[in-house]
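Report on the structure given below.
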């Protein structure tokens, strides 16, 4: 039962965003506001255009879920154009735009993204968990689109551990073709996890690589750990073996925030205790129960029907499909 | 250059195996001998039959890599029958047989495996790393074949961490169909990781479940850890969140072998040190360099050509293929 809830207008939402920015946004600091309407199909054009404008104005990111699912292909059909083309027509496909997922994009979408400097954010674990599909990694790279890695949040990736995401990105695409020269290289995966992410987040001038003048945002790993012993290839072992247990120190802008497995600025045990204490009330909220019913009804009928429909994503060939088995 | 190497005869190999069994095999103990010819296409029929007989004789496992790759489909064509059918014709497809991978099997193979009580071992991370394909999980379950989980060794899975394998098995198959009722359930994955594995290893009467009369082979996890906080669903979080960092204790037959993150019976630091020290000489062996050249030549030509050929595995439909994107 979602009755009684009236969605805010574009004007109301953007007014709220400006207020929060004025109070909390720290240009060049650690706390920054990001504009992230969930998907083009869920927002008015006014809101999309206003949010993109605001993102550019404060030099931050316009983040949006695009063509994660076949439902978004259908939403595009209802708009009479692909959602990527719609974004471009609205003037919101720019180098500030980061398109999460980018699975059911077509060749024209990819060319548009490359031309406008938009980023694609790859969430391989979430995409498997939800059965969304596989992002056309090689096509995006070949077109020169900036690719970043993401978790898509703990509701679908279950954890925010980026080492798991790196490994998944490095192996999932190998099922797409037997031609291993087309598989993601460790260099590409590592770049997506560092500079690709920094670029997508509009932070590439400050972080993403170790360079004079950039902030010391560093993860220090112990190569004497099990994951790097014996040491054969540093990058391969970082991506295929490491799971976070070799991390000895984390620095943000030169400040140590993790040391010897402990957070230095907050008491982790206290926070976990707070979460445990809050859980029963959270689970029992009437809204949670209602939301579960709505989601079950939607996925059991409409979404399942759309998913069963035939939509082919970029570059799909007979051999690609067959190689991936079943 | 592999000249000068003469493979042992079946008689020589089985004689060697009997000798090692007499010296080291402990029936009911911790150290047991397993018969594991690498693949039917690499062994004489005599060796296969003899090894299977020996496995049954000492009550242990007959482990073999079957239809992991399309090359094994071609090997079957050269034998005039599927490699699973060949195994059955030789009398080596039994409840002692564990078929690693089982990817390019057909419906008849699955029916045979179910009828003879053979196990399928699923190695989802290795299969992605090598671009091998996806095991038909649902078909095998529906036919009643015992399914176990494996790493396939650290040469292709890179680590022996089974928690990673559980998670990969739980999400990879979701790309095969939008019908989520067909996706692996957490119950199935957990069963494959415990009783399924025990059954495949011929240890199901001793371990695999917590029961009176079974050995206390236990992994004790701390549910106050990050991976289980807040606690929502124990099995889901075990499979989708846990990565080994919640492990507080491991017991084998009642004896504590891991406590507070440290092995109790060996000095891990010493062993890692030994591995580091041994690595340079290992890398520089002429055989290693020769093997790398042979592998590169094979994968670059013959294997790639076979992989590009069209073989469809069990249950493949248009929709399955399309759903998996590219």
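Chains as they are written, first to last, in this note's numbering: chain F, 14 to 339; chain E, 14 to 339. Where is the CB? At the ideal position from N, CA and C, for every residue including glycine.
Simplified DSSP assignment, three categories, for residue i
i: residue 338 (chain F); result: Legend: pLDDT at residue 338 (chain F) = 43, less than 50; position of this residue unreliable, no value from coordinates given.
i: residue 180 (chain F); result: helix
i: residue 98 (chain F); result: helix
i: residue 29 (chain E); result: helix
i: residue 159 (chain E); result: strand
i: residue 252 (chain E); result: helix
i: residue 14 (chain F); result: Note that residue 14 (chain F) scores a pLDDT of 46, beneath 50, so its modelled location is shaky and nothing firm can be said.
i: residue 332 (chain F); result: Per-residue confidence for residue 332 (chain F) stands at a pLDDT of 49, beneath the threshold of 50, marking its modelled position as unreliable; the derived number appears in the next sentence. Residue state, collapsed to three classes: helix.
i: residue 262 (chain F); result: strand
i: residue 135 (chain E); result: strand
i: residue 65 (chain E); result: helix
i: residue 81 (chain F); result: coil
i: residue 307 (chain F); result: helix
i: residue 109 (chain E); result: coil
i: residue 271 (chain F); result: strand
i: residue 48 (chain E); result: strand
i: residue 114 (chain E); result: strand
i: residue 10 (chain E); result: Residue 10 (chain E) cannot be examined here, being either before or after the span of chain E that is shown, 14 to 339.
i: residue 22 (chain F); result: coil
i: residue 276 (chain F); result: strand
i: residue 170 (chain E); result: coil
i: residue 147 (chain F); result: coil
i: residue 187 (chain F); result: helix
i: residue 225 (chain F); result: coil
i: residue 104 (chain E); result: coil
i: residue 207 (chain E); result: helix
i: residue 43 (chain E); result: coil
i: residue 192 (chain E); result: coil
i: residue 93 (chain F); result: coil
i: residue 164 (chain F); result: coil
i: residue 53 (chain E); result: helix
Expected contact under 8 Å - CB spacing of residue i and residue j to nearest Å
i: residue 197 (chain E); j: residue 183 (chain E); result: 6 Å
i: residue 114 (chain E); j: residue 74 (chain E); result: Going by Cβ atoms, the distance from residue 114 (chain E) to residue 74 (chain E) rounds to 16 Å, so no, they are not a contact pair.
i: residue 269 (chain F); j: residue 258 (chain F); result: That pair is no contact at about 19 Å.
i: residue 254 (chain F); j: residue 169 (chain E); result: Contact flag wrong, Cβ pair sits at about 12 Å.
i: residue 116 (chain F); j: residue 148 (chain F); result: 5 Å
i: residue 133 (chain E); j: residue 108 (chain E); result: Going by Cβ atoms, the distance from residue 133 (chain E) to residue 108 (chain E) rounds to 13 Å, so no, they are not a contact pair.
i: residue 162 (chain F); j: residue 104 (chain F); result: That pair is no contact at about 27 Å.
i: residue 146 (chain F); j: residue 193 (chain E); result: About 14 Å; that fails the 8 Å criterion.
i: residue 229 (chain F); j: residue 160 (chain F); result: Not confirmed; about 25 Å, so no contact.
Option in the options with minimal Cα separation from residue i
i: residue 61 (chain F); options: F:76, F:265, F:160; result: F:76
i: residue 69 (chain F); options: F:46, F:80, F:57; result: F:46
i: residue 139 (chain E); options: F:102, F:38, F:25, F:186; result: F:186
i: residue 176 (chain E); options: E:199, E:251, E:222, E:155; result: E:251
i: residue 361 (chain E); options: E:30, E:240, E:279, E:149; result: With chain E covering only 14 through 339, there is no way to say anything about residue 361 (chain E).
i: residue 28 (chain E); options: E:48, E:286, E:317; result: E:48
i: residue 231 (chain F); options: F:225, F:237, F:238, F:221; result: F:221
i: residue 322 (chain E); options: E:23, E:117, E:83, E:218; result: E:83
i: residue 120 (chain E); options: E:157, E:109, E:93; result: E:157
i: residue 55 (chain F); options: F:39, F:87, F:34, F:209; result: F:87
i: residue 44 (chain E); options: E:71, E:20, E:25, E:65; result: E:71
i: residue 90 (chain F); options: F:112, F:53, F:298; result: F:53
i: residue 289 (chain E); options: F:40, F:236, F:224; result: F:236
i: residue 57 (chain E); options: E:20, E:305, E:272, E:294; result: E:20
i: residue 50 (chain F); options: F:67, F:296, F:35; result: F:67
i: residue 200 (chain F); options: F:188, F:216, F:165, F:247; result: F:247
Closer than 7 Å: residue i CB and nearest the ligand NAP heavy atom
i: residue 319 (chain F); result: This structure lacks the ligand NAP; in fact it carries no ligand of any kind.
Residue span of the alpha helix (DSSP H) that contains residue i, given as start and end
i: residue 203 (chain E); result: 199-204
i: residue 287 (chain F); result: 281-296
i: residue 210 (chain F); result: 210-213
i: residue 121 (chain E); result: 120-129
i: residue 315 (chain F); result: 315-321
Residue range of the beta strand (DSSP E) that includes residue i
i: residue 234 (chain F); result: 231-234
Taking any Cβ of chain F, which residues in the region 247-260 of chain E have a Cβ under 7 Å from it, in chain order?
-> 253, 254, 256, 258
Contact set between the region 190-206 of chain F and chain E, restricted to residues whose Cβ is under 9 Å from the partner = 190, 191, 192, 193, 196
What residues in the region 297-308 of chain E bring their beta carbon closer than 7 Å to a beta carbon of chain F?
-> none
Contact list for the region 149-179 of chain E against chain F, Cβ threshold 8 Å | 149, 171, 172, 174, 177
Would you list, in chain order, the members of the region 119-141 of chain F that have their beta-carbon closer than 7 Å to a beta-carbon of chain E?
-> Those residues of the region 119-141 of chain F that come within reach of chain E (Cβ to Cβ, closer than 7 Å) are 138, 141.
Quick one, which residues of the region 88-121 of chain F are near chain E if we go by CB-CB under 9 Å, in chain order?
-> 116, 117
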